[in-house]
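Chains as they are written, first to last, in the working numbering: chain A, 21 to 355; chain B, 8 to 359.
Encoded structure:
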């Protein structure tokens, strides 16, 4: 079982290499600035709807960095939800893709102007199309894991969703199908718990003390972690993924995270000051430990802000899809 | 001649040995039962799923995404309704990802009345399924087509809904499936599981089975005629064929089309026939409001109005919440032989 980690003592040195800490920080800043630009685009009328995951960078970035990236069952599959731009950027995606999706341009690499922001789809990295219903990915994930188990190797299936989505039967489907004693599956089942279901607080949504405890009934190894600490998230994800990779069994990981801009543009998308800001906390820690200076971090943020503004201008000027393109890709032979 | 259940089983055997089918699964699909209608007995890639329809459709999607080729079964179409958003998602995955992902998966489910299945084992699914873009939808009316359509479905790069008219699953065919043995008893001995202990049983598949494929989207001209066209599929198709034979004795010439594929469908065949006869009756047993046949009536009116000698007609199931168990209730709820014959006779006699 996992041991308590020293990182929780603020006096202990950060237990990751400096290079990795800087990389995680860089991606967290890039993700935050991207999300803020997406919100701005929405507010300026350059998109119809925003939904995303500012506040989840500390968890999503390590997840993307730890994934075995590639296409096909030898690599990891990600059945994501729509708060994971940090994971996509950590996989190596450029932010302009998300901006193009927000602007619904023909160049949108994830849906060709057909889907909302944050609804990624990337076959080359096994990222399954993100769906607006909040739970369906939990029913689909066992399928890719079944193929992976049969193919062999160490590729795993990762499925993510929010705590509110665990009310849906699909979450139970995932627990049942991945833990059958006759055929356990290599699935990392993730619940990012931001304690909200749209506007309903967690206590109005579900009654378990920890969502991860639902794994116990299925003999699924499970744990709840602080998803606002990127170092803890990195180490715990690494351990959970190694378990799933080698044991070929499921693991249920609950990550407590913040929701810094509310549910979506439908709830205003304004900064929520009462929530823990994982980026601010991490930067304090990096400064304290002498990993990066305040100046370096401010410069980085300014640079990304400028980059993102420039990318948004490019996306704004690109054409929308042709009307007749609605007939494309209904079936695969149109490829 | 094989019956439809045997034909489906042989097609699945061919598909898992030659077409790359990796998983044939669902509730009771694997050993020992091999499907409640015996359609999956003795196949090598079968397995029993939890009793969870959302899990079955979801797993099929995942297996297809992972590079497998699944054939999932929903035990009765009445149970597939709680997967409707997953069916929608499977249908839109290629489109919404702008062609990046496609799902080569088949879902089989028995549909319709005819086995005295009461409220939850008698429903039709053709209207609901043809309302979900991105799927191909087929429904055979005889064992040969059942075989050929399943072979095509298992070659597809897209999701295919394969609807099995349960009333016809035990009906023997009039045409031989290429490669099946000459007599029924031999076939049964080879591929039907024995009653009782089956643990040591293994099927002996006919080695000469062929990749006989019925193309998806092509109808079948079952009978030529000159005065009325009748278009049907599934359980009601044999009723239409028998009605045409009866009416021929009365001097009424009925052309019979078996649609076989509901999406895409063979409009060219229907159009040519309707232009020739000027009269058309569409027959199925789904409830009549917002029925797939209503779409065909609308298209007929839109495109062929000036070729018509009489209004296009639809004969379908009554718009009632279920099919009652009593014989009288079932018979009154969905079209029967007499209903089809009467409707065709009336249409043939209608004058402009």
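For every residue, glycine included, the Cβ atom is placed at its ideal position computed from N, Cα and C.
Bridge partners - residue i, DSSP secondary structure assignment
i: residue 99(A); result: 179(A)
i: residue 220(A); result: 217(A)
i: residue 8(B); result: For residue 8(B), which the question treats as bridged, DSSP gives no partner whatsoever.
i: residue 210(A); result: 180(A) and 273(A)
i: residue 242(A); result: 272(A)
i: residue 117(B); result: 171(B)
i: residue 142(A); result: 147(A)
i: residue 239(B); result: 265(B) and 290(B)
i: residue 179(B); result: 10(B)
Chain B contact residues for residue i, given Cβ-Cβ distances below 7 Å
i: residue 68(A); result: Neighbours of residue 68(A) on chain B: none; closest Cβ ~16 Å, over 7 Å.
i: residue 104(A); result: Under the 7 Å cutoff, chain B gives no residues; its nearest Cβ is about 16 Å from residue 104(A).
i: residue 376(A); result: Residue numbering for chain A in the displayed model covers 21 to 355; residue 376(A) lies beyond these limits and cannot be assessed.
i: residue 92(A); result: 74
i: residue 193(A); result: 59, 61, 62 and 65
Under 7 Å from the C-beta of residue i: neighbouring residues of chain A
i: residue 67(B); result: 163
i: residue 140(B); result: 350
i: residue 105(B); result: 131, 132, 134 and 349
Rounded Cβ spacing between residue i and residue j (contact assumed at less than 8 Å)
i: residue 306(A); j: residue 210(A); result: Actually they are not in contact, since the Cβ atoms of residue 306(A) and residue 210(A) sit about 25 Å apart, beyond 8 Å.
i: residue 295(A); j: residue 279(A); result: 6 Å
i: residue 302(A); j: residue 32(A); result: That belief does not hold up - the Cβ atoms of residue 302(A) and residue 32(A) are roughly 15 Å apart, past 8 Å.
i: residue 163(A); j: residue 94(A); result: About 16 Å; that fails the 8 Å criterion.
i: residue 296(B); j: residue 322(B); result: That pair is no contact at about 14 Å.
i: residue 244(B); j: residue 165(B); result: The pair is not a contact, with the Cβ atoms about 25 Å apart (cut-off 8 Å).
i: residue 148(A); j: residue 102(A); result: About 12 Å separates the two Cβ atoms, so there is no contact after all.
i: residue 319(B); j: residue 307(B); result: 4 Å
i: residue 10(B); j: residue 179(B); result: 5 Å
i: residue 34(A); j: residue 309(A); result: 5 Å
i: residue 341(B); j: residue 292(B); result: 4 Å
i: residue 1(B); j: residue 63(B); result: Residue 1(B) is absent from the structure shown; chain B starts at 8 and stops at 359.
i: residue 287(B); j: residue 236(B); result: 4 Å
i: residue 42(B); j: residue 210(B); result: Actually they are not in contact, since the Cβ atoms of residue 42(B) and residue 210(B) sit about 13 Å apart, beyond 8 Å.
i: residue 298(A); j: residue 75(A); result: 7 Å
i: residue 145(A); j: residue 90(A); result: 7 Å
i: residue 38(A); j: residue 311(A); result: 6 Å
i: residue 7(A); j: residue 264(A); result: Outside the modelled stretch of chain A, which goes from 21 to 355, sits residue 7(A), for which no answer is possible.
i: residue 112(B); j: residue 93(B); result: No, residue 112(B) and residue 93(B) are not in contact; Cβ-Cβ is about 11 Å, not under 8 Å.
i: residue 125(A); j: residue 257(A); result: Between residue 257(A) and residue 125(A) the Cβ distance is about 33 Å, and since that is not below 8 Å, they are no contact.
Per-residue contacts from residue i into chain A (C-beta, under 8 Å)
i: residue 31(B); result: By Cβ distance, chain A contributes nothing, its closest Cβ being about 13 Å from residue 31(B), past 8 Å.
i: residue 108(B); result: 141, 143, 148 and 149
i: residue 233(B); result: None at all; the shortest Cβ gap to chain A is about 36 Å.
Closer than 8 Å at the beta carbon, the chain B residues around residue i
i: residue 166(A); result: 30, 66, 69, 70, 73 and 75
i: residue 218(A); result: Per Cβ cutoff of 8 Å: no residues; residue 218(A) is ~18 Å from chain B at best.
i: residue 254(A); result: None at all; the shortest Cβ gap to chain B is about 27 Å.
Chain-ordered chain B contacts of residue i [CB-CB under 9 Å]
i: residue 186(A); result: By Cβ distance, chain B contributes nothing, its closest Cβ being about 15 Å from residue 186(A), past 9 Å.
i: residue 196(A); result: 57, 59 and 62
i: residue 190(A); result: 61, 62, 65 and 93
i: residue 97(A); result: 69, 72 and 73
Partners in chain A for residue i, counting only beta-carbon separations shorter than 9 Å
i: residue 96(B); result: 149, 151, 153, 156 and 160
Check your understanding: Which ranges does the beta strand (DSSP E) cover as unbroken runs of at least 3 residues, wholly within the stretch 119-160 of chain B, from first to last along the chain?
Key -> Within the stretch 119-160 of chain B, the complete beta strand (DSSP E) runs of at least 3 residues are 143-145.
Point to revise | beta strand (DSSP E) runs wholly inside the stretch 196-237 of chain B, at least 3 long, in chain order | key: As far as the stretch 196-237 of chain B is concerned, its whole beta strand (DSSP E) runs of at least 3 residues are 227-230.
Point to revise | Cβ contact (3+ pairs, closer than 8 Å) linking the stretch 104-124 of chain A and the stretch 184-194 of chain A | key: No, the stretch 104-124 of chain A does not touch the stretch 184-194 of chain A.
Point to revise | Any 3 or more C-beta pairs closer than 8 Å across the stretch 73-81 of chain B and the stretch 118-125 of chain B | key: The stretch 73-81 of chain B is not in contact with the stretch 118-125 of chain B.
**Study point:** alpha helix (DSSP H) runs contained entirely in the stretch 249-335 of chain B, provided each spans 4 or more residues
**Key:** Runs of the alpha helix (DSSP H) inside the stretch 249-335 of chain B: 274-284 and 299-311.
Check your understanding: Which ranges would you report for the beta strand (DSSP E) in the stretch 17-104 of chain B if only whole runs of at least 3 residues count?
Key -> Entirely contained in the stretch 17-104 of chain B, the beta strand (DSSP E) runs reaching 3 residues are, in chain order, 30-33, 53-55 and 77-80.
Review point. Any contact of the stretch 154-161 of chain B with the stretch 15-26 of chain B, i.e. 3+ C-beta pairs under 8 Å?
Key: In this structure the stretch 154-161 of chain B touches the stretch 15-26 of chain B; the number of beta carbon pairs closer than 8 Å is three or more.
Review point. Quick one: any contact between the stretch 78-87 of chain B and the stretch 25-34 of chain B, if contact means 3 or more CB pairs under 8 Å?
Key: At 8 Å Cβ cutoff, the stretches touch.
Exercise for review: Give, in chain order, every unbroken run of the beta strand (DSSP E) that is at least 3 residues long and sits entirely within the stretch 148-198 of chain A.
Suggested key: Listed in chain order, the complete beta strand (DSSP E) runs (minimum 3 residues) inside the stretch 148-198 of chain A are 177-182.
Review point. Is the stretch 52-67 of chain B touching the stretch 149-159 of chain A, taking contact as three or more C-beta pairs under 8 Å?
Key: Enough Cβ pairs lie closer than 8 Å, so yes.
Check your understanding: Should the stretch 243-263 of chain A be called in touch with the stretch 224-232 of chain A, which here means at least 3 C-beta pairs below 8 Å?
Key -> The stretch 243-263 of chain A is in contact with the stretch 224-232 of chain A.
Practice item. Take every Cβ of the stretch 283-299 of chain A, pair it with every Cβ of the stretch 328-344 of chain A, and state whether three or more of those distances are shorter than 8 Å. Key: Taking a cut-off of 8 Å on C-beta distances, the stretch 283-299 of chain A does not touch the stretch 328-344 of chain A, as fewer than three cross pairs fall below it.
Practice item. Starting from the N-terminal side, write out each stretch of the beta strand (DSSP E) that is 3 residues or longer and does not extend beyond the stretch 50-118 of chain A. Key: Segments of the beta strand (DSSP E) lying fully in the stretch 50-118 of chain A: 97-99.
**Study point:** Cβ pair count under 8 Å reaching 3, the stretch 186-199 of chain B against the stretch 221-238 of chain B
**Key:** Taking a cut-off of 8 Å for Cβ pairs, the stretch 186-199 of chain B and the stretch 221-238 of chain B do not touch, as fewer than three such pairs fall below it.
Review point. Would you call the stretch 97-107 of chain A and the stretch 316-328 of chain A in contact, with 3 or more CB pairs under 8 Å?
Key: Taking 8 Å as the limit for Cβ pairs, the verdict is that the stretch 316-328 of chain A does not touch the stretch 97-107 of chain A.
**Study point:** Three-pair Cβ contact test at 8 Å for the stretch 135-146 of chain B versus the stretch 165-178 of chain B
**Key:** With the rule of 3 Cβ pairs closer than 8 Å, the stretch 135-146 of chain B counts as touching the stretch 165-178 of chain B.
**Study point:** Any 3 or more C-beta pairs closer than 8 Å across the stretch 224-242 of chain B and the stretch 181-191 of chain B
**Key:** No, the stretch 224-242 of chain B is not in contact with the stretch 181-191 of chain B.
Check your understanding: Are the stretch 253-272 of chain B and the stretch 338-353 of chain B touching by the rule of at least three beta carbon pairs closer than 8 Å?
Key -> Enough Cβ pairs lie closer than 8 Å, so yes.
Exercise for review: Anything in the stretch 143-168 of chain B with a Cβ closer than 9 Å to a Cβ of chain E? List those residues in chain order, please.
Suggested key: Looking for chain E here will not work: the only protein chains present are A and B.
Review point. Between the stretch 124-142 of chain A and the stretch 79-86 of chain A, do three or more beta carbon pairs fall short of 8 Å?
Key: No: fewer than three Cβ pairs fall under 8 Å.
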